[in-house]
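Q:
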Amino acid sequence: MIRARLLTPDPGGLTTHLTTHTRTRDGLIQIAGLAEVTYQGRATSTAEIGASLVLLKRGGSLQIHAPIGLKP
Numbered sequence: 000m001i002r003a004r005l006l007t008p009d010p011g012g013l014t015t016h017l018t019t020h021t022r023t024r025d026g027l028i029q030i031a032g033l034a035e036v037t038y039q040g041r042a043t044s045t046a047e048i049g050a051s052l053v054l055l056k057r058g059g060s061l062q063i064h065a066p067i068g069l070k071p
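If you use numbering that gives the first Met the number 0, the sequence shown corresponds to residues 0 to 71, in order.
What follows is the structure, encoded as C-alpha cells:
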C-alpha cells in the first residue's frame with residue numbers, strides 16, 4: 000500500500016516527508032533519483048552521481064541500488 004508519494008519535492012518538502020515517515024518506522028521508504036554516495040562503516044565506498052534507488056527499511060537499514068555495479 001502506498002501511503003504517501005512525492006513526485007517532484009523541493010529539499011524542504013523532502014526533508015519534512017522523510018522526518019515524518021522515518022519516525023513512525025511503519026513502512027518501506029523508496030527514493031528514486033540522482034544520488035552521490037559516500038559510505039563509511041564496516042567498509043568504505045563511494046559512488047559517483049548517477050541514477051539510484053534508495054531503500055530505507057523499517058528496521059533502519061539503508062540500501063542503495065544503481066543500474067550497474069556491485070560495490071557495497
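Yeah, the Cβ is synthetic: ideal placement off N, Cα and C, and Gly gets one too. Keep in mind it's a predicted model, so treat the numbers as computed, not measured.
#1: With DSSP as the reference, label L52 as helix, strand or coil.
#2: Measuring only the C-alpha atoms, how far is T21 from G32?
#3: Can you tell me where the alpha helix (DSSP H) with T14 in it begins and where it stops?
#4: Kindly give me the distance between the Cβ atoms of A46 and V53, rounded to whole angstroms, as I take these residues to be in contact under 8 Å.
#5: By Cβ distance below 8 Å, which residues in the same chain neighbour I156 in space, the five residues on each side in sequence not counted?
A: On the basis of the data shown:
#1: Counting from one through the sequence shown, the residue named residue 52 turns up at place 53. Correct three-state label for L52: strand.
#2: Within the sequence shown, the letter at position 22 stands for residue 21. Within the sequence shown, the letter at position 33 stands for residue 32. About 19 Å.
#3: For the purposes of this step, residue 14 is taken as residue 15 along the sequence shown, with counting starting at 1. Start and end: P10 to T23.
#4: Position 47 of the sequence shown, counted from the start, is the residue given in the question as residue 46. Position 54 of the sequence shown, counted from the start, is the residue given in the question as residue 53. That belief does not hold up - the Cβ atoms of A46 and V53 are roughly 11 Å apart, past 8 Å.
#5: Residue 156 lies beyond the stretch modelled for the chain, which goes from 0 to 71, so this question has no answer here.
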